[in-house]
Amino acid sequence: MGGSIENHSRFGLEITRRIIAAIGADPVGMRLSPWSTFQGMGIMEDLVPHFEHLISSLREVNISYLHLANSRWVEDPTTQ
Numbered sequence: 001m002g003g004s005i006e007n008h009s010r011f012g013l014e015i016t017r018r019i020i021a022a023i024g025a026d027p028v029g030m031r032l033s034p035w036s037t038f039q040g041m042g043i044m045e046d047l048v049p050h051f052e053h054l055i056s057s058l059r060e061v062n063i064s065y066l067h068l069a070n071s072r073w074v075e076d077p078t079t080q
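In the numbering used here, the protein residues as written are 1 to 80.
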């Protein structure tokens, strides 16, 4: 995946900023699933630095909440 960490976060941050500008930060939150492989999505090689940057940037725009979902269990063959 090419490009900088900042560019990878740009779309989500711009949308979040515009929503906050339109309705305020109080009802605005974001859910992230860094380790999700849902529908064939792959895990990024440098996952931690990318999400550290995104989370730090979301803190700066002052969202109301951040929901981190750990969905690594999806690939677990013992789950039914």
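Ideal placement from N, C-alpha and C gives every residue a C-beta, glycine not left out. Quick caveat: nothing in here was measured; it's all calculated off a predicted structure.
How many angstroms separate the CA atom of residue i from the CA atom of residue j?
i     : j     : result
Ala21 : Glu45 : 33 Å
Val28 : Glu14 : 13 Å
Ile23 : His53 : 24 Å
Asp26 : Gly3  : 32 Å
His67 : Ser33 : 9 Å
Ala69 : Asn7  : 23 Å
Leu47 : Phe11 : 17 Å
As a quick exercise: from the options, pick the residue whose alpha carbon is nearest that of residue i.
i     : options                       : result
Trp35 : Arg18, Phe51 and Asp26        : Phe51
Ile63 : Leu47, Asn70, Arg31 and Ala69 : Arg31
By Cβ distance below 7 Å, which residues in the same chain neighbour residue i in space, the five residues on each side in sequence not counted?
i     : result
Arg17 : Val61
Ile5  : Pro49, His50 and His53
Ile19 : Val28
In its own chain, which residues sit with a C-beta less than 6 Å from the C-beta of residue i, not counting the 5 before and 5 after it?
i     : result
Tyr65 : Gly29
For residue i, which residues in the same chain have their Cβ closer than 8 Å to its Cβ, ignoring the five residues on either side in sequence?
i    : result
Ser9 : His50, His53, Leu54 and Ser57
I need the boundaries of the beta strand (DSSP E) containing residue i, first residue and last residue.
i     : result
Gly24 : Premise fails: Gly24 is in no beta strand (DSSP E) and is neither H nor E.
Gly29 : Gly29 to Leu32
From what residue to what residue does the alpha helix (DSSP H) around residue i run?
i     : result
Phe49 : The sequence shown places Pro at residue 49, rather than the Phe named in the question. Leu47 to Val61 is the extent of the alpha helix (DSSP H) around Pro49.
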